[in-house]
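Presented below is the structure to which this report refers.
Protein chains: 2
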Amino acid sequence: MTITLKQLTYFKALAEQGNFRRAAETCFVSQPALSVQIQELERSLGGALVERHARRIVLTPLGREVLETAHRVLSEVAALEHSAQNRQGLGGVLRLGVIPTIAPYLLPDALAALRASDISLDVQITEGKTDRVLDQLTEGALDACILALPTERDGLEERPLFEDRFLLAGSAARMEAMETHIRPDALSERQILLLEDGHCLTDQALAVCGRGRGHPRIHMGASSLPTLTRLVEAGFGLTLMPELAARSEMALAPGLRLRRFDDPEPFRAIGLVRRATRQPTEWFGALADTLETVGCALMEDARRAV
Amino acid sequence: MTITLKQLTYFKALAEQGNFRRAAETCFVSQPALSVQIQELERSLGGALVERHARRIVLTPLGREVLETAHRVLSEVAALEHSAQNRQGLGGVLRLGVIPTIAPYLLPDALAALRASDISLDVQITEGKTDRVLDQLTEGALDACILALPTERDGLEERPLFEDRFLLAGSAARMEAMETHIRPDALSERQILLLEDGHCLTDQALAVCGRGRGHPRIHMGASSLPTLTRLVEAGFGLTLMPELAARSEMALAPGLRLRRFDDPEPFRAIGLVRRATRQPTEWFGALADTLETVGCALMEDARRAV
DNA sequence: TAAAAATACTCCATAGGTATTTTAT
DNA sequence: ATAAAATACCTATGGAGTATTTTTA
Numbered sequence: 002m003t004i005t006l007k008q009l010t011y012f013k014a015l016a017e018q019g020n021f022r023r024a025a026e027t028c029f030v031s032q033p034a035l036s037v038q039i040q041e042l043e044r045s046l047g048g049a050l051v052e053r054h055a056r057r058i059v060l061t062p063l064g065r066e067v068l069e070t071a072h073r074v075l076s077e078v079a080a081l082e083h084s085a086q087n088r089q090g091l092g093g094v095l096r097l098g099v100i101p102t103i104a105p106y107l108l109p110d111a112l113a114a115l116r117a118s119d120i121s122l123d124v125q126i127t128e129g130k131t132d133r134v135l136d137q138l139t140e141g142a143l144d145a146c147i148l149a150l151p152t153e154r155d156g157l158e159e160r161p162l163f164e165d166r167f168l169l170a171g172s173a174a175r176m177e178a179m180e181t182h183i184r185p186d187a188l189s190e191r192q193i194l195l196l197e198d199g200h201c202l203t204d205q206a207l208a209v210c211g212r213g214r215g216h217p218r219i220h221m222g223a224s225s226l227p228t229l230t231r232l233v234e235a236g237f238g239l240t241l242m243p244e245l246a247a248r249s250e251m252a253l254a255p256g257l258r259l260r261r262f263d264d265p266e267p268f269r270a271i272g273l274v275r276r277a278t279r280q281p282t283e284w285f286g287a288l289a290d291t292l293e294t295v296g297c298a299l300m301e302d303a304r305r306a307v
Numbered sequence: 002m003t004i005t006l007k008q009l010t011y012f013k014a015l016a017e018q019g020n021f022r023r024a025a026e027t028c029f030v031s032q033p034a035l036s037v038q039i040q041e042l043e044r045s046l047g048g049a050l051v052e053r054h055a056r057r058i059v060l061t062p063l064g065r066e067v068l069e070t071a072h073r074v075l076s077e078v079a080a081l082e083h084s085a086q087n088r089q090g091l092g093g094v095l096r097l098g099v100i101p102t103i104a105p106y107l108l109p110d111a112l113a114a115l116r117a118s119d120i121s122l123d124v125q126i127t128e129g130k131t132d133r134v135l136d137q138l139t140e141g142a143l144d145a146c147i148l149a150l151p152t153e154r155d156g157l158e159e160r161p162l163f164e165d166r167f168l169l170a171g172s173a174a175r176m177e178a179m180e181t182h183i184r185p186d187a188l189s190e191r192q193i194l195l196l197e198d199g200h201c202l203t204d205q206a207l208a209v210c211g212r213g214r215g216h217p218r219i220h221m222g223a224s225s226l227p228t229l230t231r232l233v234e235a236g237f238g239l240t241l242m243p244e245l246a247a248r249s250e251m252a253l254a255p256g257l258r259l260r261r262f263d264d265p266e267p268f269r270a271i272g273l274v275r276r277a278t279r280q281p282t283e284w285f286g287a288l289a290d291t292l293e294t295v296g297c298a299l300m301e302d303a304r305r306a307v
């Protein structure tokens, strides 16, 4: 009626052994059991697979063709079963969404660390703003996201990784004109440049500077952090620079000056998010641990530098 | 414990439907039946394949990987089952052995006829002398052979196809010196050129000429019929030319002359041979019928020509 | 509360085993 | 006569069904 893997397994053994009895032995079943399954397979395929002779069997043309398919199918399934054992972490590709103000600064180190770690998982990165990657995560198009917490969405599980503090960034001239001690909410919003709408960093910066104080005057809607950095370097205003991005941005904008805020320093919480599910997922914890280690190390470096 | 095609089928349906109940419906089983098989598959693979959410499911990375394999495996098996229906004649490649004194003369027409016929079978030709192809047939390395009957071996089934009569061939000078009516056994053996040992044609020619009359004097052990033809054309003696080869050989050796023997003309019986097996083999009869038709047509032509 | 999946339990189909017959050399 | 595969028959595993519970949104 229907072809089964068992039938294909028995048939492969029969073709290899050339004899029903020996084939049955290698399959650890009785000879009639194997005979019946071969007959069943022949009935399904509508033709003989082997010529039965007194001392041996010979494959028919159909049998040879079926044998090839059987080989392919069985090896595919065997690979599946085998991968179940040898799998550390998980099989397959983990689709990871990362927001643009994190991706270029965290991923180089993070991917290197993942590659080196025991959890051998392939990662496929999707870069997108918070809402977009969270939508994809919810739909099932992504497996996890790295972004600023909290997400404030239902059905998601958040795991904090590290704190990314904000530094004040400006041109040398502007920064020298500043007083020594700066409190974030003392910044006049008119001085602050922000990324274009949609970047969570924009909202966070507004929150840090105390939105309530007056109407924000966003001079430029820069589309990326490097662009924003260049504008600030050129003296068009100040901005809040995440520590995470500091080293890279300084390398590209030598005229930029950074200054730490007084304690308590404002920060964004970087976290890993996945769909909430009751069943434990091996890879999530391991991935988060690795990212946490990498992220904290980067923060250490940043604190030594500024 | 072991992966089954049923599990893969159910899993594929689940991935497509995104929901256990609908997947179960498309498989025409109850929801618990499908649930259990999915759990079984997950147990075999040692990891979750789907995340269970309230209104839908999402594949895990492992699930996506398994789904790809499942697609490949199921489509291979489906192709097998499907080919069982659409198969005319047989599937696969028929390995056909043919002796050298038949192959080049019969095969061009025969293969064309097979290609045109409804029995769509791929044929792979092995050319070799009688003993060699029969050994391969017995071993199972060939499925059938075209050669001169009888084979006089056990375990083989012979099917006569057509009679290939022998013509007397010689140079123009020699043939003009011959009397009008020739009886085969009247030929002096010393005039006759034969192929080298191993060709059945050699034995047949000796039998035709009445071996008992005296010691055969084989002037040349030619390795192929075309070679033999050239020697004869050059006047080195006479030979027996199978009607089957006559047309081709005449084209290559314009100086050659052919003469029919008086009735009863000597001939070799061309037949198709396979391993004897009690189970009926669809292709054998169909193949034999086609070959018989082609062979008889060639014989008709030959008789009109000489 | 409603919808979906998991669990519990029962039943039956079928794969497998033993004993035997049939077939081919 | 012997060796191998097919057949007959019985048993037991496990896949599927119904009813129910659990879970999550």
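Protein chains in written order, with the numbering used here: chain B, 2 to 307; chain Y, 2 to 307.
Ideal Cβ placement from N, Cα and C applies to all residues, glycine included.
Remember, predicted model here, so these are calculated numbers, not experimental data.
- prompt: Could you give the distance in angstroms between the alpha-carbon of Ser172 of chain B and the alpha-carbon of Val307 of chain B?
  reply: 15 Å
- prompt: Rounded to whole angstroms, how far is the Cβ of Ile271 of chain B from the Cβ of Phe163 of chain B, which I believe are closer than 8 Å?
  reply: 6 Å between Cβ atoms; contact.
query: Which residues in the same chain as Arg166 of chain B place their Cβ atom closer than 6 Å to its Cβ, once the five residues preceding and following it in sequence are excluded?
result: Glu244, Glu266 and Phe268
task: Give the interface partners of Arg73 of chain B over in chain Y, defined as CB-CB distance under 8 Å, in chain order.
output: Glu77
query: Quick one: which chain B residues come within Cβ less than 7 Å of Asp144 of chain Y?
result: Going along chain B in sequence order, the residues near Asp144 of chain Y (Cβ under 7 Å) are Pro62.
query: Taking the alpha carbon of Leu168 of chain B as the point to measure from, which residue in B:Arg73, B:Leu63 and B:Leu259 has its own alpha carbon closest?
result: B:Leu259
message: Between Ser84 of chain B and chain Y, is any beta-carbon pair separated by less than 9 Å?
response: For Ser84 of chain B, the closest Cβ of chain Y is nearer than 9 Å.
task: Pull up the distance between the alpha-carbon of Arg154 of chain B and that of Asp144 of chain B, whole angstroms please.
output: 16 Å
- request: Return the residue from the list B:Leu115, B:Ile39 and B:Ile126 that minimises the CA-CA distance to Ala104 of chain B.
  value: B:Ile126
- prompt: Using a Cβ-Cβ cut-off of 7 Å (strictly less than) and excluding sequence neighbours within five positions of Leu9 of chain Y, which residues of its own chain qualify?
  reply: Non-local C-beta neighbours of Leu9 of chain Y in its own chain, meaning closer than 7 Å and more than five positions away in sequence, comprise Ala71, Val74 and Leu75, ordered along the chain.
task: Within its chain, find whatever has a CB closer than 6 Å to the CB of Cys146 of chain B; leave out the 5 residues flanking it on each side and keep chain order.
output: Gly98, Val134, Leu138 and Val274
message: Taking CB distances under 9 Å as the criterion, tell me whether Thr3 of chain Y reaches chain B.
response: yes
Nearest-angstrom Cα separation, counted from Ala170 of chain B out to His220 of chain B: Only weak support exists for where His220 of chain B lies, its pLDDT of 46 falling under 50; the value from the coordinates is given anyway. Each residue's alpha carbon lies about 15 Å from the other.
task: Output the distance between the C-alpha atoms of Pro313 of chain Y and Arg231 of chain Y, rounded to the nearest integer angstrom.
output: Outside the shown range of chain Y (2 to 307) lies residue 313 of chain Y, about which nothing can therefore be said.
task: Determine whether the Cβ of Leu35 of chain B lies closer than 9 Å to any Cβ atom of chain Y.
output: no
task: Would you verify that the beta carbon of Ser118 of chain B is, or is not, closer than 9 Å to some beta carbon of chain Y?
output: no
field: Under 9 Å between C-beta atoms of Leu202 of chain Y and Glu234 of chain Y
entry: no
- prompt: In chain order, what residues of the same chain lie with their CB nearer than 6 Å to the CB of His216 of chain Y, ignoring the 5 residues before and after it?
  reply: Residue placement at His216 of chain Y cannot be trusted, given a pLDDT of 43 that sits under 50; what the coordinates show is reported in the next sentence. Residues of the same chain with their beta carbon placed closer than 6 Å to that of His216 of chain Y are lacking, with the five preceding and five following residues left out of the count.
message: Would you say Gln18 of chain Y lies against chain B (beta-carbon separation less than 9 Å)?
response: It does not: the Cβ of Gln18 of chain Y has no partner Cβ on chain B nearer than 9 Å.
field: Cβ neighbour criterion (16 or more within 10 Å) applied to His182 of chain Y
entry: exposed
query: Which residue spans inside the stretch 118-152 of chain B form an unbroken alpha helix (DSSP H) run of at least 4?
result: Listed in chain order, the complete alpha helix (DSSP H) runs (minimum 4 residues) inside the stretch 118-152 of chain B are 131-140.
message: Within a Cβ cutoff of 7 Å, which residues of the same chain sit near Leu42 of chain B, ignoring the five residues on either side of it in sequence?
response: Ile4, Gln8, Phe12 and Leu50
Helix, strand or coil at Gly256 of chain Y according to DSSP, with G and I counted as helix: coil
Beta-carbon proximity check, Arg53 of chain Y vs Thr278 of chain B, cutoff 9 Å: yes
field: His216 of chain B in three-state terms, based on DSSP
entry: Since pLDDT at His216 of chain B reaches only 43, below the 50 mark, its modelled position is unreliable, and no value is offered.
field: CB contact below 9 Å: Leu6 of chain Y versus chain B
entry: At least one chain B Cβ lies under 9 Å of Leu6 of chain Y.
- prompt: Bridge partners of Thr240 of chain Y, per DSSP?
  reply: Y:Ala170
message: To the nearest angstrom, how far is the alpha carbon of Arg23 of chain Y from that of Glu128 of chain Y?
response: 58 Å
field: Alpha-carbon to alpha-carbon, Ala142 of chain Y and Glu158 of chain Y
entry: 16 Å
- prompt: Going by Cα to Cα distance, which pick from Y:Asp263, Y:Ala14, Y:Ala79 and Y:Gln40 is closest to Phe29 of chain Y?
  reply: Y:Ala14
query: Can you pull the DSSP bridge partners for Arg275 of chain B?
result: B:Glu158
message: Please tell me whether Thr228 of chain B has its Cβ less than 9 Å away from any Cβ of chain Y.
response: no
- prompt: Any Cβ of chain Y within less than 9 Å of the Cβ of His216 of chain B?
  reply: For His216 of chain B, the pLDDT reaches just 43, beneath the cut-off of 50, and the residue's location in the model is therefore unreliable, leaving the point undetermined.
message: Just list the residues that DSSP pairs Leu15 of chain B with in beta bridges.
response: Answer is none; Leu15 of chain B lacks a bridge partner.
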